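Top line first, the protein sequences correspond to chains A and B.
Each residue of the first sequence is one higher than the last, beginning at 1 in full-length UniProt numbering.
Each residue of the second sequence is one higher than the last, beginning at 1 in full-length UniProt numbering.
There are 2 protein chains.
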Amino acid sequence: MDLRIAKTHESIQQALLVLLKEKPLEEITVSELCRIAKINRGTFYLHYKNIHGVFEKYFEEIVEDLKCSIHAPYHEIDQGVEDLEADMIQIFHHVKKYEPFYCIVFDEQIPMKYYYMLFHSIRTFVAEIASFLQKGEPLNLPDFQISYQTNAIMGILLEWHQEGYVTSPAELNWYLIRFITERHL
Amino acid sequence: MDLRIAKTHESIQQALLVLLKEKPLEEITVSELCRIAKINRGTFYLHYKNIHGVFEKYFEEIVEDLKCSIHAPYHEIDQGVEDLEADMIQIFHHVKKYEPFYCIVFDEQIPMKYYYMLFHSIRTFVAEIASFLQKGEPLNLPDFQISYQTNAIMGILLEWHQEGYVTSPAELNWYLIRFITERHL
DNA sequence: GAAGATATTGTACAACTGTTCAATAAAAAT
DNA sequence: ATTTTTATTGAACAGTTGTACAATATCTTC
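Set out below in structure tokens:
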């Protein structure tokens, strides 16, 4: 790996963090970021398509961390409601951990891209649970049901975002388990 | 109302439709739109903040149409599962009706704003159903459950978008009613 | 350490953005 | 029909974008 590339990437990522402390992502310009990062603007375009490209790199790592959080204490045997609870609450702890980032991700002005990244991550998790619980049954859940379930969970995150992340992860998890296990409407 | 303003608005909205036929929303510039609309660029900024401001106006009307679709055949009495089905399917018919617009709304590059507009519209509807079904009970559903339910429905729309709107509204509604009435996972 | 590979820089370009201002045109009010 | 109000225009501004190129600096490899 070329040291120059590594250094450039570091400067850019660091500059983004600096700028995010004073203004919203959508107001940050490439020119400004390059001035902070002390790199040529042309160099920026050699590595990223635009400002969102930088943030996306960051968010990829965050989503990766979520995947680890969920699957770290994965119990092969006897996945009951208790284990389900233990896994689900990881999602809320994760969002709380990276709250400043999710404030950006769920912002009105920000592209759907990041929502989809989180969605796909949680969806994989939901699909695994579903296939695990329904093993033996020949009919696996249709894609629509997986997306239905996944986005339901994300609905809680949206509400959480809107109320300003006041509710505790524990209480959110209590809600979630209740919504999942009880009949709806 | 000033005729000049009305004429300007018409020109701008019409120009957006023309440009949307040849390129994605995110690639349309204010300058280009003003050339098509044959208005001064300064005039544009007198009425809209940016290109998204124009699209938002359009989408407001579309969301308004959804509200009408849902509440048009509203049955005051005896809202059973059959009536619920009749109301829910309106959502799918609506999205199908404005498919080209929802292709934009659900696009990766497009701001969350439009997703939230649709979300709030459906959320109002879900909240009404919930309070209707649970009337008598002193405890009304918490905000988290309404958002959970609402976004679950939108999960079906997201999946629908991803598969290219192949599935029929009738089948989607069949899925949805099944997901709502059956116990989850 | 020298040679080769390649990342970075500086400069330039046409196009777009968002804003300002006086001048003009067009509508509304009388 | 004239006056008043106000929307639109044209021009200009500093700043941004995305791209291109030759010149330079820096890293890797041998």
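No residue lacks a Cβ here, since even glycine has one placed at the ideal position from N, Cα and C.
Since the structure is predicted, the reported quantities are computational estimates derived from the model, not experimental observations.
Practice task
Take every Cβ of the stretch 15-24 of chain B, pair it with every Cβ of the stretch 164-184 of chain A, and state whether three or more of those distances are shorter than 8 angstroms.
Solution key: By the Cβ rule, the stretch 15-24 of chain B does not count as touching the stretch 164-184 of chain A, because fewer than three pairs are nearer than 8 angstroms.
Exercise for the section: Report back the beta-carbon spacing between A:I70 and A:F125 to the nearest angstrom; my notes put them in contact at under 8 angstroms. Expected result: Indeed, because the Cβ distance is near 5 angstroms, the residues count as touching under 8 angstroms.
Exercise for the section: In the DSSP assignment, find the alpha helix (DSSP H) that holds A:D143 and state where it starts and stops. Expected result: Judged by DSSP secondary structure, A:D143 falls within the alpha helix (DSSP H) whose first and last residues are D143 to Q162.
Problem - Element boundaries [alpha helix (DSSP H), containing A:F106] - result: Bounds of any alpha helix (DSSP H) do not take in A:F106, whose DSSP letter is neither H nor E.
Exercise for the section: Find the nearest neighbour of A:V54 within the set A:N40, A:W160, A:D65 and A:L25, judged by alpha-carbon distance. Expected result: Closest by alpha carbon: A:L25.
Practice task
Determine the burial state of B:G155: buried for a count of at least 16 other Cβ atoms within 10 Å of its Cβ, exposed for fewer.
Solution key: Around the beta carbon of B:G155, 16 or more other beta carbons lie within 10 angstroms, which makes this residue buried.
Practice task
Output yes if chain B places a C-beta closer than 8 angstroms to the C-beta of A:N173; else output no.
Solution key: No, because no Cβ of chain B sits closer than 8 angstroms to the Cβ of A:N173.
Problem - Boundaries of the alpha helix (DSSP H) in which B:M117 is found, first to last residue - result: Residues K113 to L133.
Problem - 8 angstroms Cβ cutoff, B:A152 in contact with chain A - result: It does: the Cβ of B:A152 has a partner Cβ on chain A nearer than 8 angstroms.
Exercise for the section: Have a look at A:Y175 and A:Q149 and give me their C-alpha separation to the nearest angstrom. Expected result: Straight-line Cα distance between these residues: approximately 14 angstroms.
Exercise for the section: Please classify A:I51: does DSSP put it in a helix, a strand, or coil? Expected result: Shown here, A:I51 sits in a helix according to DSSP, grouped into three states.
Practice task
Inspect the CB distances between the stretch 99-119 of chain A and the stretch 102-121 of chain B and report whether three or more fall short of 8 angstroms.
Solution key: Three or more Cβ pairs closer than 8 angstroms define a contact, and the stretch 99-119 of chain A meets that threshold against the stretch 102-121 of chain B.
Handout entry: Contact residues within the stretch 99-119 of chain B, judged by C-beta distance below 8 angstroms to chain A
Key = Close to chain A, meaning a Cβ-Cβ distance shorter than 8 angstroms, are the following residues of the stretch 99-119 of chain B: F106, D107, E108, Q109, I110, P111, M112, K113, Y115, Y116 and F119.
Practice task
For B:Y48, I'd like the list of residues in its chain whose CB is within less than 6 angstroms of its CB, leaving aside the five on either flank, ordered along the chain.
Solution key: Its chain contains V54 as the residues whose beta carbon lies nearer than 6 angstroms to that of B:Y48, once the 5 sequence neighbours on both sides are disregarded; these appear in chain order.
Handout entry: Rounded separation between A:C68 and B:R35 - CA only
Key = Roughly 51 angstroms between the two C-alpha positions.
Exercise for the section: Determine whether the Cβ of A:Y58 lies closer than 8 angstroms to any Cβ atom of chain B. Expected result: Not one chain B Cβ lies under 8 angstroms of A:Y58.
Exercise for the section: Identify each residue in the UniProt domain "HTH tetR-type" (6-66) of chain A for which the Cβ-Cβ distance to at least one residue of chain B is less than 8 angstroms, and report them in chain order. Expected result: Considering only beta carbons, no part of the UniProt domain "HTH tetR-type" (6-66) of chain A lies closer than 8 angstroms to chain B.
Problem - Delimiting residues of the alpha helix (DSSP H) encompassing B:I12 - result: That run of the alpha helix (DSSP H) goes L3 to L20.
Practice task
Using only the heavy atoms of the ligand MG, determine whether one of them is closer than 7 angstroms to the beta carbon of B:E163.
Solution key: Of the ligands one can find in the structure shown there are none, so the ligand MG has no counterpart to examine.
Practice task
Following the continuous alpha helix (DSSP H) through A:I36, name the residue where it begins and the one where it ends.
Solution key: Unbroken alpha helix (DSSP H) run through A:I36: V30 to A37.
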